[in-house]
């Protein structure tokens with residue numbers, strides 16, 4: 139399986155086309171701002187306080203989005219070879235290092251946007267051992283600064299954190315961890331103000347947080363409707379872009395309006411009895427990041443076996459992890475959202491407690507688990523979550539593949555493997 143044979147996904151919702159068109163236009167505008175005009179911008183991890191930058195009108199490029207974009211352009215294999223040529227181990231974490239590899243390649247003729255220019259700062263939480271190395275060396279290669287955020291241990295281990303995270307977030311996420319991140323965010327604000335001359339206003343953050351609550355509530359309503367509907371009205375191939383593209387712009391007028399449009403279109407599909415498959419027979423759960431180099435994979439078995447990917451982490455995550463009662467403390471509420479984002483998605487007992495509950499809520503028949511061979515953070519928690527799902531009666535198939543590296547992926551072979559698994563389980 140050594141040929142990157144990814145296929146495009148089918149788009150049936152009008153809002154899916156709108157979202158991808160918006161992101162394409164945003165990319166062109168961002169390139170104009172940071173490449174052509176030299177405006178300040180930042181490269182940040184997904185689990186960092188994007189809201190700080192939004193309040194200060196500082197554009198950001200999210201590392202994971204940039205990696206997915208590179209993978210979709212079928213450039214990842216080439217850039218990973220560049221890492222190897224520079225002496226880096228071939229088992230480096232692919233998701234976080236692909237952007238760095240693009241910078242090292244230093245080939246404007248073929249790189250998306252001609253490659254990223256020098257950012258004002260790079261920001262990442264130190265969630266695993268490799269982050270500091272990747273971002274520190276990436277900052278050196280770009281001639282800028284890396285601003286790390288700590289990821290301290292989380293002693294409050296509540297497997298059902300998602301049931302009271304919106305309002306009781308101080309207890310759920312630990313007051314000391316929240317306070318630490320608030321201090322670090324204020325230090326980051328000082329750096330940004332000094333570097334850019336732009337000012338941070340907490341009143342603007344409060345308003346942004348309220349708008350984000352509105353946006354995430356629309357998305358959570360869509361997630362609940364999809365989980366309850368039979369048949370599933372929208373597969374995850376369309377759930378993902380309608381969730382993640384607004385998330386990169388969360389709180390903006392466009393993002394809030396788009397989330398509402400998506401919810402409404404989902405409800406229209408349900409009202410008309412429309413499903414992702416014409417004859418849904420199997421409801422599937424996808425655990426892990428998206429296979430960004432082959433989005434068509436998720437829809438490949440809909441008509442053949444009536445097998446629909448109903449669930450991935452992106453859409454249902456909006457309710458428990460993004461919605462916050464602000465309680466007059468927008469910085470603290472924001473910190474509670476950020477300080478544990480990776481943990482609840484990737485580490486037990488938070489990850490498996492939530493996903494077993496979600497499998498029950500959505501009537502899941504089987505789960506597919508992406509296990510990137512070189513992503514240590516994904517491996518540990520994911521294996522325990524697979525065991526928890528199996529203990530709850532949900533059969534699990536593990537796929538040893540990477541979300542952005544297509545060298546060990548073949549579309550037809552992977553689809554056949556899933557089909558064989560479902561047949562063996564008596565589900566197809």
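In this note's numbering, the protein residues as written are 139 to 566.
Glycine included, each C-beta is placed from N, C-alpha and C at the ideal position.
query: residue 276: which of 399, 488, 180 and 480 sits nearest, CA to CA?
result: Nearest of 399, 488, 180 and 480 to residue 276, Cα basis: 180.
task: Using a threshold of 8 Å, state whether the C-beta atoms of residue 505 and residue 532 are closer than that.
output: Taking 8 Å as the Cβ cut-off, residue 505 and residue 532 qualify as a contacting pair.
query: Can you tell me whether DSSP reads residue 151 as helix, strand or coil?
result: Per DSSP, reduced to three states, the secondary structure at residue 151 is coil, with no helix or strand assignment.
- request: Using the Cα positions of residue 317 and residue 467, report the straight-line distance between them to the nearest angstrom.
  value: In this structure, the straight-line span from the alpha carbon of residue 317 to that of residue 467 is close to 11 Å.
- request: Compare the Cα-Cα distances from residue 272 to each of 245, 295, 424 and 241 and report the closest residue.
  value: Here the closest residue by C-alpha is 241.
message: Pairs of beta-carbons, one from the region 337 to 353 and one from the region 418 to 429, closer than 8 Å: are there three or more?
response: Pairwise C-beta distances place the region 337 to 353 out of contact with the region 418 to 429, as fewer than three of them are shorter than 8 Å.
- prompt: residue 302: buried (16+ other C-beta within 10 angstroms of its C-beta) or exposed?
  reply: Counting Cβ neighbours within 10 Å, residue 302 comes out exposed, since fewer than 16 surround it.
- prompt: Would you say residue 184 and residue 220 are within 8 Å of each other, going by their C-beta atoms?
  reply: No; because the gap between Cβ atoms is not below 8 Å, this pair is not in contact.
message: To test your reading of the DSSP string, which unbroken beta strand (DSSP E) runs of 3 or more residues are found completely within the region 343 to 417?
response: Those beta strand (DSSP E) runs which fall completely within the region 343 to 417 and span 3+ residues do not exist here.
Contacting residues, own chain, Cβ-Cβ under 6 Å from residue 178 (five flanking each side not counted): If you ignore the 5 residues before and after residue 178, its C-beta comes within less than 6 Å of the C-beta of 196, 258 and 334, all in its own chain and listed in chain order.
query: Residues bridged to residue 338 by DSSP?
result: By DSSP's assignment, residue 338 forms no beta bridge with any residue.
- request: Determine the closest residue to residue 572 out of 260, 264 and 288, with distance taken between C-alpha atoms.
  value: Residue 572 lies beyond the range of the chain shown here (139 to 566); nothing can be said about it.
query: Rounded C-beta distance between residue 326 and residue 477? I'm assuming under 8 Å.
result: Contact annotation, residue 326 with residue 477: C-beta distance approximately 14 Å; criterion of less than 8 Å not satisfied.
Cβ distance (whole Å) where residue 445 is taken to contact residue 535 below 8 Å: At roughly 12 Å, the Cβ-Cβ gap does not stay under 8 Å, so residue 445 and residue 535 are not in contact.
task: Pull up the DSSP beta-bridge partners for residue 269, would you.
output: None; residue 269 has no bridge partner.
- prompt: Secondary structure at residue 206, three-state DSSP: helix, strand or coil?
  reply: In this structure, residue 206 counts as helix in the three-state DSSP scheme.
message: With the cut-off set at 8 Å, would you say residue 378 and residue 450 are in Cβ contact?
response: Yes, they are a contact pair.
field: Bridge partner(s) assigned by DSSP for residue 286
entry: DSSP, once it has assigned bridges, lists 262 as partnering residue 286.
Exposed unless 16 or more other CB atoms sit within 10 angstroms - verdict on residue 413: Counting every other CB atom within 10 Å of its CB across the protein chains shown gives residue 413 a total of 16 or more, marking it as buried.
query: Mind checking residue 529: buried by the 16 CB within 10 Å criterion, or exposed?
result: It counts as exposed.
task: Write down every uninterrupted run of the alpha helix (DSSP H) in the region 464 to 536 whose length is 4 residues or greater and which is fully enclosed by it, in chain order.
output: Whole alpha helix (DSSP H) segments, 4+ residues: 468 to 476, 479 to 484, 488 to 500 and 514 to 529.
- request: Pull up the distance between the alpha-carbon of residue 250 and that of residue 287, whole angstroms please.
  value: Take the alpha-carbon of residue 250 and the one of residue 287: they are about 28 Å apart.
query: For residue 544 versus residue 230, is the C-beta spacing smaller than 8 Å?
result: No, Cβ-Cβ distance for residue 544 and residue 230 is not below 8 Å.
task: Determine the closest residue to residue 300 out of 370, 380 and 493, with distance taken between C-alpha atoms.
output: Checking every option, the nearest Cα to that of residue 300 belongs to 493.
Residue range of the alpha helix (DSSP H) that includes residue 239: The continuous alpha helix (DSSP H) containing residue 239 extends over residues 232 to 243.
- prompt: Anyone know if the C-beta pair for residue 436 and residue 382 falls short of 8 Å?
  reply: In this structure, residue 382 does not lie closer than 8 Å to residue 436 by Cβ.
query: What do you reckon, are the CB atoms on residue 339 and residue 199 nearer than 8 Å?
result: No.
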